[in-house]
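Right, one structure below, let's go through it.
There are 2 protein chains.
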Amino acid sequence: MKNYKIGLLGFGTIGAGVVEGIERNGALIASRTDIQLSLNMLSDLDLDTDRGVTVERERMTTDSLKVIESPDTDIVVELIGGTGIARELILRALSLGKPVVTANKALLAEHGEEIYRTAHENNTDVFYEGSVGGGIPVIRALREGLVANEIERIYGILNGTCNYILTSMEQDGVPFDQVLAEAQAEGFAEANPGLDIDGIDTSHKAVILAALAYGKQVPLSMVTIRGIRGLEITDIQYAAELGYRIKLLAVLKHEDGEVEIGVYPALVPLDHLLASVNGVFNAVMVSGDVVGDTLYYGRGAGRKPTASAVLGDIVDAARNLAFSSPRRVPAFTEHTHYERVRPHEDIRTRYYLRVSLLDKPGMIARVAGILGAQEISIASIIQKECDLGCHAPVIILTHTAQERQFQAALEQIDALKEVDRPTVRLRIEDFK
Amino acid sequence: MKNYKIGLLGFGTIGAGVVEGIERNGALIASRTDIQLSLNMLSDLDLDTDRGVTVERERMTTDSLKVIESPDTDIVVELIGGTGIARELILRALSLGKPVVTANKALLAEHGEEIYRTAHENNTDVFYEGSVGGGIPVIRALREGLVANEIERIYGILNGTCNYILTSMEQDGVPFDQVLAEAQAEGFAEANPGLDIDGIDTSHKAVILAALAYGKQVPLSMVTIRGIRGLEITDIQYAAELGYRIKLLAVLKHEDGEVEIGVYPALVPLDHLLASVNGVFNAVMVSGDVVGDTLYYGRGAGRKPTASAVLGDIVDAARNLAFSSPRRVPAFTEHTHYERVRPHEDIRTRYYLRVSLLDKPGMIARVAGILGAQEISIASIIQKECDLGCHAPVIILTHTAQERQFQAALEQIDALKEVDRPTVRLRIEDFK
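Protein chains in written order, with the working numbering: chain A, 1 to 432; chain B, 433 to 864.
Structure representation (structure tokens):
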């Protein structure tokens, strides 16, 4: 039996979950792996709040460097979050040759290159299963299980807060602002919800998946990001009538030598598995050229699911220590197979449009004419009834066209004096 | 860059898929892993059939021992199948200290103990991702990603042929025998379909999952196995009316110090993700005490998906060679956490019953009375209309009771002279 001690940075929700997990299943882990894990020290600015687990006072400190530098700390677990002090602490641990486990998606999306390089230079490991999809072992699937596959497409529901909001809006018919307020009251959403509802968190996870799938760090600035803020319940209802459910999707594609990477609220056909992923659950569909379509599903966040992923990583780090096999599976390997990231304007997709149009003769022909002039074909069109002279919602499902064509068409449509508010535009994802 | 050479035993569908996968993505694998894979030799009794890939004649032989014993063979890949010669060849390779990759579920279910012990004694590896769920990396998820979890429940749709048959019966309204004949004609089902439709193949996979989850080799003889042979379309239709879809499920549970392991056609609620797994796809739901519910989905069989799994395993074996870390994650670790396998008669579940009952006054009360005497509560009951004096199907959904209670009740019900054919009994799976 080998013994390894953990230095834990950050004793918040997930950190306490990790300590609890070792207490609960440490003996099980040892019987499966011949490795005994224990806590050496932990650091946090707040050492007084009750976390639901007991840690001896002498193992707690406010000084994270002390935790990292303790000769008894074999593995450093960073659960502070953010891109400031967490970055410095991880780099310090790696520079001492100590393996690091983190669930910090923002940090990896913004500073992954520096962190992976530092791990490489110091011949040690960074593990980050907890950064994407909570407890779902999707990083492991991409890095190892599907290693023989060219990854063609990835579609992910990667933010539990957004998915919870979308599910509640649809199932309870409650508007966005009200669901968000309720989610905040219940602790499912942050007081400052922008990271979640504006799609930022999902874009961080998309960048991490892209690095694994395509062997390249895509700068966040090159990711097209649209969130769900202000999504109207009326569009959720129209989508349902048309056989779709709206999900916030990360979309990654590799085709024609280009990589496409974006985050959008999208209409997903009701009979697709991703449409059945509801509430706080996450799912990632990964399509490889050998394996075909695969999907991974589970709780995307929260104390216990994320702790499960972090503990799996800790075991991986410990196994590499036990077998003197650091970097057996590197955190990141550059292996670019594409020429460039597809510019936003070049992205091709189908769209759901809701035009608010004065109900008078000839108006639909006018709108259809503008779309046609941009070579956008209409797949179906539904005009909702209203009294003559009012503004009626006209729902248009288009065939595939380029982003720049939609932008040009919508500029003209929204400039019509018969259109009284900006046209709502949502991506339709057919998974092709 | 390290170079490793493969000795391939069996050049059938999957074997050819593996050779094709190395040709297609060998350079990609090398750029990701710093490991260059190539074929040393392959063996098969039939070296003449066109497999869609070209292998130089001097690399092919009918003598499998020659492939194993060649000093240039670093990793042995067994894709012959069956429990005869495959077993001997694997044991020979392991005794030479060479790592083995196999997709042979029957062999691992029946002789896993001997194979894992031989690998252990010779300090080498056995990998078998391809044995369960085709290309889905679920073995890896259980062995590594969820290593910190007590596994509470596993539900698997693990046989693509059965799932294809069930989906076709439901969607096209075609009876069992006809769908089976069509599947055989199209190559989706074997000429001798018993392994698939009688649930044997699924039970092999259940035993492999149980070994990983519970750290114990459960003898096949202790697995309750019911297949889908003779399933009637009328029950698929009644199930649909009641909000269920019938799936052939492997069910593993760990509760009250006992492990339950069985294979049954079961009614799955339509809103459950497993109900949406259609056609040849497989899915495994794994519930851990830390992570909660997770699910893994993909193509469960076929040349390319299985080749993807085998190639992932080959890379794993090669990494252990490159890092001198054999048995870093052992194929199997005994870590029993339960006292016994639950006897068949003790299994508790809900049931769907279809009683063919003479339509005369008092008969339903009589059947309900027999169930009540066995302490089986009725959740709902539907009598289909027919003319007075005919035998009408009476559909009963029960609450949970023990297998032995159902057996006793059904013996009495089927002995009634007003019942003209054996009662159909199907498990209802509520995933609780």
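Glycine included, every Cβ here is placed at the ideal spot set by N, Cα and C.
Which residues in chain B sit within 7 Å of residue i, going by Cβ to Cβ distance?
i	result
I136(A)	T726
A250(A)	Within chain B, no residue comes near A250(A); the closest Cβ sits about 18 Å away, beyond 7 Å.
E427(A)	Before going on, a small fix: residue 427(A) reads as Arg here, not Glu. Simply none; closest approach about 22 Å.
A119(A)	Chain B residues near A119(A): none, gap ~15 Å exceeds 7 Å.
A401(A)	By Cβ distance, chain B contributes nothing, its closest Cβ being about 30 Å from A401(A), past 7 Å.
Cβ closer than 7 Å: which chain A residues qualify as neighbours of residue i?
i	result
E582(B)	N25, L28
R658(B)	Near R658(B) there are no residues of chain A at all, since even the closest Cβ is about 27 Å away, more than 7 Å.
Buried or exposed for residue i, going by 16 or more other Cβ atoms inside 10 Å?
i	result
C880(B)	Outside the shown range of chain B, which is 433 to 864, sits residue 880(B), and nothing can be said about it.
R774(B)	buried
E241(A)	exposed
H636(B)	buried
E442(A)	This structure leaves residue 442(A) out entirely; chain A is present only between 1 and 432.
N3(A)	exposed
D440(A)	Residue 440(A) is absent from the model: chain A starts at 1 and stops at 432.
D430(A)	exposed
R464(B)	buried
M433(B)	exposed
P854(B)	exposed
I90(A)	buried
R340(A)	exposed
I382(A)	exposed
K530(B)	buried
So what does DSSP say about residue i, is it helix, strand or coil?
i	result
Q649(B)	coil
R245(A)	strand
P305(A)	helix
I640(B)	helix
S287(A)	strand
Y164(A)	helix
A698(B)	strand
V424(A)	strand
H552(B)	helix
V329(A)	coil
G372(A)	helix
R585(B)	strand
Y338(A)	coil
D725(B)	strand
H776(B)	helix
F620(B)	coil
E687(B)	strand
A379(A)	strand
S463(B)	helix
F713(B)	strand
I75(A)	strand
V532(B)	strand
F608(B)	helix
Applying a beta-carbon distance threshold of less than 8 Å, which residues of chain B neighbour residue i?
i	result
D316(A)	E576
E129(A)	G577
G298(A)	V723, G724, D725, T726, L727
What residues from chain A crowd round residue i, counting only those whose CB sits closer than 9 Å?
i	result
V722(B)	G17, E20, G21, R24, N25, G135, K304, P305, A307, S308, L311
T465(B)	V147, V329, P330, T333
Using beta carbons (cut-off 8 Å, strictly below), is residue i in contact with chain D?
i	result
A538(B)	As a matter of chain content, chain D is missing from the structure shown, whose protein chains are A and B.
List, in chain order, every chain A residue whose beta-carbon is nearer than 8 Å to that of residue i.
i	result
R585(B)	Residues of chain A passing the Cβ test: none, with the nearest at roughly 14 Å.
Residue i: beta carbon under 7 Å from a heavy atom of the ligand SAH?
i	result
N457(B)	As for the ligand SAH, it is missing from this structure, which has no ligand bound.
> Within the chosen definition, does the stretch 502–515 of chain B reach the stretch 781–794 of chain B through at least 3 CB pairs nearer than 8 Å?
Replying inline: no
>> What are the residues in the stretch 46–57 of chain A lying within 9 Å of chain B by C-beta distance?
In response: none
>> Give me the subset of the stretch 257–278 of chain A whose CB atoms are less than 7 Å from a CB atom of chain B, sorted by chain position.
In response: L273, S276
> When you check each C-beta in the stretch 755–778 of chain B against every C-beta of chain A, which residues fall closer than 8 Å?
Replying inline: F755, S756, S757, R760, V761, T765, H767, H769
> Given a limit of 9 Å on CB to CB distance, which residues of the stretch 198–215 of chain A reach chain B?
Replying inline: G215
> Taking three-plus beta-carbon pairs below 8 Å as touching, is the stretch 266–280 of chain A in contact with the stretch 173–186 of chain A?
Replying inline: no
>> With three or more beta-carbon pairs closer than 8 Å as the criterion, would you say the stretch 413–422 of chain A touches the stretch 482–497 of chain B?
In response: no
> Just checking, does the stretch 327–340 of chain A make contact with the stretch 205–223 of chain A on the three C-beta pairs under 8 Å criterion?
Replying inline: yes
>> Which residues of the stretch 661–677 of chain B have a Cβ closer than 8 Å to any Cβ of chain A? Give them in chain order.
In response: none
>> Does the contact criterion of 3 or more C-beta pairs under 8 Å hold for the stretch 80–97 of chain A versus the stretch 116–126 of chain A?
In response: yes
> How do the stretch 437–453 of chain B and the stretch 470–484 of chain B stand: do at least 3 beta-carbon pairs fall below 8 Å, yes or no?
Replying inline: yes
>> I want to know whether the stretch 312–326 of chain A touches the stretch 192–208 of chain A - three or more CB-CB distances under 8 Å.
In response: no
> At a Cβ cut of 7 Å, what residues of the stretch 504–538 of chain B count as close to chain A, listed as they run along the chain?
Replying inline: none
> What residues in the stretch 367–390 of chain A bring their beta carbon closer than 8 Å to a beta carbon of chain B?
Replying inline: none
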